[in-house]
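Note that my numbering gives residue 754 to position 114 of the sequence shown, counting from 1, and the numbers run on in steps of one.
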Amino acid sequence: MFTGIVEELGSVVAVEDRGLDARVRVRGPLVTSDAHLGDSIAVDGVCLTVAELPGDGTFAADVMPESLRRTALGALRAGVPVNLERALAVGGRYGGHVVQGHVDGVGTILRRTPGERWDEVEIGLPATLARYVAEKGAIAVSGVSLTVTHVSDDAFGVSLIPTTLAHTTLGGLVVGDAVNLEVDVLAKYAERLLGAVAR
């Protein structure tokens with residue numbers, strides 16, 4: 641489990657296309673400082689398992705076909721910055737919201753309006769996800785826990801504070817860029833439970 645509080649802005653070192661799947665190598669000295677093989681690290685909000693740990697501040701992870709289909713990881717290239725977060729340690733600070741690293745879909749940056757010290761961003765989302773997004777609720781955008789400022793049938797807004805702009809990939813996104821979206825898991829469970837009761 642993750643919290644959506646990005647620990648480090650890493651970078652992609654290499655992406656090996658293996659046909660249906662891929663292996664990605666990422667530089668992240670902080671997140672690898674205490675990592676072990678088999679640990680979970682969220683890369684742009686996607687939970688990946690550490691498969692190689694050469695001890696040079698990088699790690700490698702395998703990206704399965706499902707992840708390539710449902711996320712924006714398929715577009716990763718060497719040199720691209722990525723948001724990194726280690727799995728939450730028991731007893732650790734819980735500053736964001738419940739983030740599983742299981743991306744629900746890909747959104748698109750529709751509009752960006754700079755403020756004095758912040759940016760207002762409008763993000764388009766698949767219609768199938770809109771019902772899980774609520775004003776003042778939480779959503780993970782490329783692994784960053786954010787509060788929703790407004791929502792419509794096919795888009796939602798967020799405000800990016802100076803820390804988010806400076807220390808995550810969201811600061812450099814432009815209109816048309818793709819982002820990984822993970823809606824609040826509690827909303828999905830509530831819908832499932834209410835659906836079972838209605839039957």
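Ideal Cβ positions, reconstructed from N, Cα and C, are used throughout, including at glycine.
Tell me, to the nearest whole angstrom, how far the beta carbon of Val666 is from that of Val653; I am working on the premise that it is less than 8 Å.
6 Å
With distances taken Cα to Cα, identify the nearest neighbour of Phe699 among Ile681, Gly719, Gly731 and Pro754.
For Phe699, the closest of Ile681, Gly719, Gly731 and Pro754 by C-alpha to C-alpha distance is Ile681.
Could you give the DSSP three-state label for Gly747: helix, strand or coil?
strand
Note down, in chain order, each residue of its chain lying with its Cβ closer than 7 Å to the Cβ of Asp794, except the 5 sequence neighbours on either side.
Gly764, Leu765, Ala767 and Ala770
Cβ separation of Ala780 and Gly659, assumed to be a contact under 8 Å, to the nearest whole Å:
29 Å between Cβ atoms; not a contact.
Among Asp759, Val743, Gly747 and Leu813, which one has its Cα closest to the Cα of Leu603?
With the chain represented from 641 up to 839, any question about residue 603 goes unanswered, as that position is not in the structure.
Which of helix, strand or coil does DSSP assign to Gly650?
strand
Can you tell me the Cα-Cα spacing of Leu716 and Leu649, whole angstroms?
15 Å
N- and C-terminal bounds of the alpha helix (DSSP H) containing His807
Taken as a continuous stretch (DSSP letters only), the alpha helix (DSSP H) holding His807 covers Pro802 to His807.
If we count the other Cβ atoms within 10 Å of its Cβ and call it buried at 16 or more, is Glu725 buried or exposed?
buried
Give me the Cα-Cα distance between Val739 and Leu826, rounded to the nearest whole angstrom.
10 Å
Assess contact between the region 690-710 and the region 671-681, defined as three or more Cβ pairs (one per stretch) separated by less than 8 Å. Is contact present?
yes
CA nearest to the CA of Gly629, picked from Val823, Pro705, Thr803 and Thr643:
For the chain, the structure presents residues 641 to 839; residue 629 sits outside this window and is missing.
Apart from the five residues on each side of it in sequence, which residues of its chain come closer than 7 Å, Cβ to Cβ, to Val815?
Ile749, Leu750, Arg751 and Arg752
Would you check if the region 754-764 and the region 797-810 touch, i.e. whether three or more CB-CB distances between them fall below 8 Å?
yes
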